[in-house]
Amino acid sequence: MTDPWTDRLSELVDGDLDAATAAAAEAHLTECAACAGIVADLRAVARRAQELRDREPVRDLWPGIAARVERHDAVTSLSRWKRLRKRRVVFSVPQLAAAGVALLAVSAGTVWLAIGGGGAPSPVPGTAPAVVVSAPPSLTLAGYEPAVRELELVLAEHRDRLDTATVRVIEASLATIDRAIAEAAAALEEDPANPYLTGHLATAMRRKLDVLQQAAALAATSS
Amino acid sequence: MLTTVMLVALAALPGAQQIDTILPAPSGTELRVNLMQGDVTVRGWDRREVRVQSAHGGLEVRATNGTIKVGTDILRGGGHVQSVTLSVPRDMAVELSGTTLSADLADLDGEVSVSTTHGGIRLAGGSAYIRLHSLQGDVHIRGARGRIDAETNQGDVSVSASSGPIRAHSLNGTVTLEHVVSDAVDAYSLNGDIVYEGSLEAGGTYSLSTHAGDVVVKVPVDAGVAISASTFGGAFETAFPVTLQKAESGGRTVTLSLGDGGARMELQSFGGTIRLERP
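As given, the protein sequences belong to chains A and B, one line each in that order. Numbering-wise, this note's numbering puts 118 at position 109 of the first sequence, and it's gapless, one number per residue. Numbering-wise, this note's numbering puts 1353 at position 232 of the second sequence, and it's gapless, one number per residue.
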């Protein structure tokens, strides 16, 4: 039977639970080895994400990224994304468009939006509701591929817990995204100065991260 | 607040006994439902009680620490497909989750969260934070007033006659937003079309993006909106005259302004057509 706490464990790790719920969750961990194991895994992943995040972002990566993506057109994934997912950056569309979105460096778990060479902009207080843009992940080659591999490992390790229908959906989703990534990468090679393509490719790659994270989480929490 | 733990109305025999039980639900009580497989119908009513009905049993119903939990009782016949009907106070926060779970909810004013791996989700009404996620299944929302977050991987998303900030994402399906009033819209599909017919508020931001589908926006005659439209292998079309302000990236990104340009809209389709129409 599915444990009702499994859906809350990532919130616990992220510190998103209120004090009472967190205390209850921690109490549950003392009684439930399965949940305790999941939390241990999530915390380990978070620690590794932190390490990756501290790496210096590499600039002007797109040619390399495009080539890399093309070479590995079945590349699965990126890293475990709990944190990345949580750290969506709120920008207004005009901010993104007007700034010409020079991209970004996302190393596993962090989204940096380098606009005009400056630092990451902050959401502007009082301007809500801005569109919550799933900030295009930037990709440092140093951070992206290890993250991909790590998520793949998590998924592979627990894949047999998923039913065949779920596996089929996930594979179909990843195949769709891979095609989009390959097309966007090829387009970017043709038109490397096009900011739309840069953002589009990054968004597709981010989407893949989301699906891999989702799949890994499903696998890890399925009994 | 419920401080005692109650275990009620368990089916005594595997898969045999009908459940129909009512639990008190003081203000602040939350409902959490987790089923392995089945259909869940939730309706808001004007009583401070939760009624749980199931024809087949196999359910565990608990009330503890301000939360009413309904879940599959695998030891008592819960392995089969279940059909559960819940009547809940309108303002109750409702959270549903399951592996193969279809959900139909209506008349709710509290937070609603549904997460299913396989199954569609349908919501009518709602006036708080609404989060409906399915891996494989359609997500349909109608008549909601709140912050809407709807997502599916394999399926369509539709939001109609609703208001509030909207995030509507599908990987392989169509995203349709009709008769919506919102100043913050984020609609995304990788392989499907996006259709938007709704308000364009001054200061509002609207992001509609797809990879392989079309983007269709029905622009009111009196709309004031600044539009940026980008494509790579697709096209930009408009059913009414416009004046382009700027064309960049070899004409693959164009900008234009209608009326006072108070709303901001970003339209993207990598390989499809971006089309402006009148409602």
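Ideal Cβ placement from N, Cα and C applies to all residues, glycine included. It should be emphasised that the depicted structure is a prediction, and the values quoted were computed from it without experimental measurement.
Item, Value
"Cβ shell of L1311/B (< 6 Å), same chain only, five flanking positions each side left out", "L1292, H1332"
"Of the residues D187/A, E166/A, L26/A, A34/A, the one placed nearest M214/A, counting alpha carbons only", "D187/A"
"Span of the alpha helix (DSSP H) around M214/A", "204 to 230"
"Beta-carbon proximity of E1170/B to A1146/B, cut-off 8 Å", "yes"
"Close Cβ partners of D1381/B (< 8 Å) along its chain, the five nearest in sequence each way excluded", "A1323, G1345"
"DSSP three-state assignment for E1151/B, whether helix, strand or coil", "strand"
"Neighbour-count burial assignment, G24/A, 16 or more Cβ in a 10 Å radius", "exposed"
"Rounded C-alpha distance that separates I1269/B from N203/A", "32 Å"
"The alpha helix (DSSP H) enclosing A189/A, as first and last residue numbers", "173 to 199"
"Simplified DSSP assignment, three categories, for D1304/B", "coil"
"Partners in chain A for L1292/B, counting only beta-carbon separations shorter than 8 Å", "S182, T185, I186, R216, V220"
"Between the CA atoms of L38/A and E1358/B - distance to the nearest angstrom", "57 Å"
"Whole-number beta carbon distance between K1339/B and P1400/B, since they are thought to touch under 8 Å", "4 Å"
"Residues of its chain near G1231/B, where Cβ-Cβ distance is below 6 Å and the 5 sequence neighbours each way are ignored", "D1212, M1213, A1214, A1249"
"Minimum C-alpha distance to G1219/B - residue among D1259/B, S1148/B, Q1158/B", "Q1158/B"
"Three-state secondary structure (DSSP) of G1371/B", "coil"
"Beta-carbon proximity of A1347/B to L1388/B, cut-off 8 Å", "no"
"Cβ shell of W1166/B (< 6 Å), same chain only, five flanking positions each side left out", "S1208"
"Partner residues on chain A for S1148/B, Cβ-Cβ distance less than 7 Å", "Those within 7 Å of S1148/B in chain A number zero; the least Cβ separation is about 17 Å."
"Every unbroken beta strand (DSSP E) inside the stretch 1165 to 1226 of chain B [3 residues or more]", "1170 to 1175, 1180 to 1185, 1188 to 1193, 1203 to 1210"
"Residues that DSSP places opposite R1243/B in a beta bridge", "D1225/B, H1261/B"
"Inter-residue spacing [alpha-carbon to alpha-carbon] between K1367/B and L1379/B", "14 Å"
"Residue interval of the beta strand (DSSP E) (run including V1336/B)", "1336 to 1339"
"Spatial distance of T1326/B from G1371/B (CA atoms)", "25 Å"
"Chain-ordered chain B contacts of E192/A [CB-CB under 8 Å]", "H1332, F1391, G1392"
"Spatially closest choice to T1188/B from R1164/B, M1386/B, Q1174/B, E1216/B, by CA coordinates", "E1216/B"
"Rounded distance between the beta-carbons of A1289/B and V1296/B, thought under 8 Å", "5 Å"
"Buried versus exposed call for P1210/B [16 or more other C-beta atoms within 10 Å across all chains shown]", "buried"
"Reduced DSSP secondary structure (H/G/I, E/B, other) of G1392/B", "coil"
"Per-residue DSSP class, three states only, for G1267/B", "coil"
"Alpha carbon of Y1317/B to alpha carbon of V1337/B, nearest angstrom", "6 Å"
"Own chain partners of R1164/B with C-beta closer than 6 Å, once the 5 adjacent residues on each side are dropped", "S1208, A1227, D1228"
"Within-8 Å CB hit, T1237/B to chain A", "no"
"D200/A at chain B interface by Cβ criterion, 8 Å", "yes"
"Sequence-distant residues of its chain with Cβ nearer than 8 Å to G1241/B (five each side left out)", "S1223, A1224, S1255, G1258, D1259, V1260, H1261, G1276"
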